[in-house]
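Chains R and U, in that order, are what the protein sequence lines are. Residue 10 is where the first sequence starts when you use my numbering, and the numbers rise one by one after that. Residue 273 is where the second sequence starts when you use my numbering, and the numbers rise one by one after that. Just so it is clear, CB atoms sit at the ideal spot from N, CA and C, and this is done for glycine as well.
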Amino acid sequence: MVGLALKDVGAKYGRRTVLADVSMDTLESGSVTAVIGPNAAGKSTLFKRIADLISGPGLVTLSQTEHGSRTICYMPQDTGANAVLTVYESVLLSAKQGGGWKVHDGELAEIDDILKALRIEDLAFRGLGELSGGQRQLVSLAQALVRKPEVLLMDEPTSALDLHRQVEVLDFVSSLARRRGMIVLIALHDLNHALRYCENTIVIAEGAMAASGPSDEVITPEMLRDIYKVTARIETCSKGQPFILVDGTA
Amino acid sequence: MASEAIPAEVTGRDQYRALAFRRIVILALLTIALAASVAVDMALGPANYRLSEVLSALLDPATAGNQLRVVIWDIRMPIALMAVTVGASLSVAGAQMQTILSNPLASPFTLGISAAASFGAALALVAGVAILPGAVQYMVPLNAFLMAMAAAMFIHFASTMRGVSVETIVLLGIALVFTFNAALSLLQYLASEQALAAVVFWTMGSLTKATWPKVWFTGAILIAVVPLFMRNAWALTALRLGDDKAASMGVNVRRLRLETMMLVSLLAAIPVSFVGTIGFVGLVGPHIARMLVGEDQRFFLPGSVICGALLLSTTSVVSKMLIPGAVLPIGVITALVGVPFFFILIFSNRRRAW
Numbered sequence: 010m011v012g013l014a015l016k017d018v019g020a021k022y023g024r025r026t027v028l029a030d031v032s033m034d035t036l037e038s039g040s041v042t043a044v045i046g047p048n049a050a051g052k053s054t055l056f057k058r059i060a061d062l063i064s065g066p067g068l069v070t071l072s073q074t075e076h077g078s079r080t081i082c083y084m085p086q087d088t089g090a091n092a093v094l095t096v097y098e099s100v101l102l103s104a105k106q107g108g109g110w111k112v113h114d115g116e117l118a119e120i121d122d123i124l125k126a127l128r129i130e131d132l133a134f135r136g137l138g139e140l141s142g143g144q145r146q147l148v149s150l151a152q153a154l155v156r157k158p159e160v161l162l163m164d165e166p167t168s169a170l171d172l173h174r175q176v177e178v179l180d181f182v183s184s185l186a187r188r189r190g191m192i193v194l195i196a197l198h199d200l201n202h203a204l205r206y207c208e209n210t211i212v213i214a215e216g217a218m219a220a221s222g223p224s225d226e227v228i229t230p231e232m233l234r235d236i237y238k239v240t241a242r243i244e245t246c247s248k249g250q251p252f253i254l255v256d257g258t259a
Numbered sequence: 273m274a275s276e277a278i279p280a281e282v283t284g285r286d287q288y289r290a291l292a293f294r295r296i297v298i299l300a301l302l303t304i305a306l307a308a309s310v311a312v313d314m315a316l317g318p319a320n321y322r323l324s325e326v327l328s329a330l331l332d333p334a335t336a337g338n339q340l341r342v343v344i345w346d347i348r349m350p351i352a353l354m355a356v357t358v359g360a361s362l363s364v365a366g367a368q369m370q371t372i373l374s375n376p377l378a379s380p381f382t383l384g385i386s387a388a389a390s391f392g393a394a395l396a397l398v399a400g401v402a403i404l405p406g407a408v409q410y411m412v413p414l415n416a417f418l419m420a421m422a423a424a425m426f427i428h429f430a431s432t433m434r435g436v437s438v439e440t441i442v443l444l445g446i447a448l449v450f451t452f453n454a455a456l457s458l459l460q461y462l463a464s465e466q467a468l469a470a471v472v473f474w475t476m477g478s479l480t481k482a483t484w485p486k487v488w489f490t491g492a493i494l495i496a497v498v499p500l501f502m503r504n505a506w507a508l509t510a511l512r513l514g515d516d517k518a519a520s521m522g523v524n525v526r527r528l529r530l531e532t533m534m535l536v537s538l539l540a541a542i543p544v545s546f547v548g549t550i551g552f553v554g555l556v557g558p559h560i561a562r563m564l565v566g567e568d569q570r571f572f573l574p575g576s577v578i579c580g581a582l583l584l585s586t587t588s589v590v591s592k593m594l595i596p597g598a599v600l601p602i603g604v605i606t607a608l609v610g611v612p613f614f615f616i617l618i619f620s621n622r623r624r625a626w
């Protein structure tokens with residue numbers, strides 16, 4: 010079992026502080042947490058800070074020990090589209106980082122499995138440059154999953170996907186989180202997804218943490234008004250699932 | 273959900289193995305072509321020896337006549353091999369510049385490194401100024417080398433500054449080209465007739481200055497540097513997916529870029545300081561390799577080595593054949609030979625080339 014905790018985590022670009030004092034009690038393995046907030050609030054920065062891609066004050070601890078970067082995998086919003094690589098090669102190179110030149114059958118079989126699970130095996134030998142935005146997001150997810158991270162930080166992984174794919178990916182990732190005991194953080198703009206798939210939600214606004222806790226307690230009409238400047242209601246559907254109805258801007 | 277074209281039993285794994293095998297075959301064919309080109313290069317020259325004579329001089333130097341042996345071993349062979357080492361060095365330098373700057377226009381020539389070298393050489397030829405005092409005998413190549421390194425370092429440190437995008441880097445490189453060309457023109461304007469001729473000849477690039485020590489030196493640098501790149505093959509390939517992506521795969525992007533740029537500077541500066549400006553190879557060699565074997569550096573790197581060497585070697589052959597009895601400056605011929613071939617590749621390639 011691993012756990013991820015943040016204590017007073019912040020980040021700076023040059024002298025400008027872009028993120029400050031984000032603290033979080035231990036997120037346990039198998040959990041899926043939403044990170045929400047307006048554009049440019051600092052969600053991606055938080056992810057990069059957790060993944061140790063940028064430095065800053067505060068402490069990121071994984072299972073009580075300070076982490077090495079290999080176990081925490083950040084999945085950026087977009088991935089290089091002009092590289093002359095096939096989808097298959099791009100996933101392979103993610104798996105092989107830090108490894109030798111020789112490619113083993115087991116490694117290739119694993120790639121086959123991941124592509125199949127994400128239903129992109131048909132794209133395997135297409136060039137990255139030939140893919141649509143949504144297809145690139147799925148490839149990006151495959152590149153992250155093949156590294157078998159203990160913590161997966163997904164930056165708006167569904168922003169370019171159609172409705173079917175959105176549901177499919179979020180279902181897949183949350184079930185994989187439980188199966189592998191992986192800690193997943195997802196930056197989301199669709200708050201209904203946060204309500205449905207994420208036990209916990211962290212709200213980031215203007216470079217600071219505005220709220221955190223169980224998703225249905227954090228996502229409230231008040232929060233939507235204060236953070237997103239919209240008037241909205243949280244209704245309950247006939248199956249007992251909460252959903253957000255937006256009436257207009259506040 | 274297998275596509276109709278592919279039978280169900282063919283897995284991605286099989287297809288990948290087939291792809292890798294195809295690439296190895298391509299690399300092998302290119303190597304054979306290179307060997308053939310070097311052989312033809314040695315067989316050609318103003319002194320018209322028969323092929324059998326050339327072969328016997330190569331295989332059994334002891335029985336060959338003195339003149340034949342000198343021509344083959346001390347004149348033609350250094351030139352033919354210099355084409356290989358210089359072409360390979362410039363091509364690899366261009367390949368890694370394109371990789372770390374993520375820009376298809378990056379090459380020793382377009383980033384101003386060759387122009388800086390020309391200026392350094394002209395400084396020695398025209399004004400007799402040695403940047404590194406003392407070594408007067410090697411003033412020209414040393415000046416060229418030091419200026420080329422300075423330009424490469426400038427490009428590198430500019431690229432590490434915040435807010436400097438890869439597009440800016442290429443613009444800076446082009447600015448360097450113009451600056452050094454202007455400075456070079458000024459020197460040429462002020463030069464004596466004799467010095468002017470020397471500068472013009474130098475900037476055209478020529479392999480006729482090749483000697484065995486230069487061949488060993490450029491070859492040694494190549495043999496020392498390429499394995500260092502090979503060691504980082506996966507990381508360098510990952511760089512092409514973007515910095516964030518590479519970093520999230522565990523690549524130390526900053527360090528890799530610095531390390532690579534240092535090595536690339538050596539690879540670009542040394543050949544240029546020996547043979548003058550040869551522009552086209554560093555830009556196009558890697559593009560040809562990319563089209564043939566893709567960008568997995570395990571194939572792309574050897575591909576760039578062989579394509580660059582082959583490009584310059586065939587150019588050397590053509591430069592001897594165009595006007596019988598004369599050897600035209602290779603820097604001039606490179607583009608003339610390479611461009612048509614490059615066009616054919618671009619227009620016949622169905623996939624994206626960048």
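The alpha-carbon of N209 (chain R) is positioned some 10 Å away from that of I228 (chain R). The distance from the Cβ of S374 (chain U) to that of V438 (chain U) is about 5 Å, consistent with a contact at the 8 Å cut-off. For M476 (chain U), the uninterrupted alpha helix (DSSP H) run begins and ends at 465-476, by DSSP.
For E130 (chain R), no beta strand (DSSP E) run applies, since DSSP gives it neither H nor E. Taking the Cα of A151 (chain R) as reference, the smallest distance to any Cα among R:G109, R:R188, R:E98 is reached at R:E98.
Residues of the stretch 358-387 of chain U with a C-beta atom less than 7 Å from some C-beta of chain R do not occur. The three-state secondary structure of M521 (chain U), taken from DSSP, is coil. When DSSP states are grouped into helix, strand and coil, D61 (chain R) belongs to the coil group.
A straight-line Cα-Cα distance of about 21 Å links S328 (chain U) and L306 (chain U).
In the DSSP assignment, Y288 (chain U) falls within the alpha helix (DSSP H) that extends over 284-315. Contact annotation, T480 (chain U) with V358 (chain U): C-beta distance approximately 13 Å; criterion of less than 8 Å not satisfied. About 18 Å separates the beta carbon of S103 (chain R) from that of V178 (chain R), a gap too long to meet the 8 Å contact definition. Using a 10 angstroms sphere on the CB of N415 (chain U), the tally of other CB atoms reaches 16 or more, which defines it as buried.
Between L397 (chain U) and A454 (chain U), the C-beta gap is not smaller than 8 Å, which leaves the two residues out of contact. At a C-beta separation below 8 Å, K105 (chain R) has these neighbours in chain U: W506.
F381 (chain U) sits in coil when the DSSP states are folded into three classes, being neither helix nor strand.
Nearest in C-alpha terms to T440 (chain U), of all of U:V343, U:F613, U:L528, U:L377, is U:L377.
S390 (chain U) sits close to T549 (chain U), with the two beta carbons spaced by under 8 Å.
When the alpha-carbon of K105 (chain R) is set against those of U:D568, U:V609, U:V589, U:L291, the nearest one is in U:D568. Residue pairing by DSSP places N209 (chain R) opposite R:T42, R:P223 in a beta bridge.
In the structure shown, M84 (chain R) falls within a strand segment according to DSSP collapsed to helix, strand and coil.
In this structure, the straight-line span from the alpha carbon of P85 (chain R) to that of L170 (chain R) is close to 15 Å.
If the five residues before and after S53 (chain R) are omitted, its C-beta is found closer than 6 Å to the C-beta atoms of D164, all from its own chain and listed in chain order. At a C-beta separation below 9 Å, F134 (chain R) has these neighbours in chain U: G284, Q287, Y288, L291.
Cβ contact annotation for L233 (chain R) (same chain, cutoff 6 Å, sequence separation greater than five): V239, A241, in chain order.
DSSP links M163 (chain R) through a beta bridge to R:M84, R:I195. Put simply, the backbone Cα of E119 (chain R) is about 15 Å away from that of L185 (chain R). Interface flag for R156 (chain R) against chain U is set, since a Cβ pair is found closer than 8 Å. Under the Cβ distance rule, V398 (chain U) does not count among the residues neighbouring chain R, no pair being separated by less than 8 Å. Nearest C-alpha to S576 (chain U) among U:I542, U:Q460, U:D346, U:V498: U:V498. Ranked by how close their Cα comes to the Cα of L200 (chain R), the residues R:L162, R:P47, R:S149 have R:P47 in first place. Counting only Cβ-Cβ distances below 7 Å, G557 (chain U) has no contacts in chain R at all, with the closest Cβ about 15 Å away.
For S588 (chain U), the enclosing alpha helix (DSSP H) begins and ends at 569-593.
Using a Cβ distance threshold of 8 Å, R58 (chain R) and A29 (chain R) do not count as a contacting pair. No Cβ of chain U is located within less than 8 Å of the beta carbon of S64 (chain R).
When 7 Å is used as the limit between beta carbons, V523 (chain U) is near these residues of chain R: Q106, in chain order.
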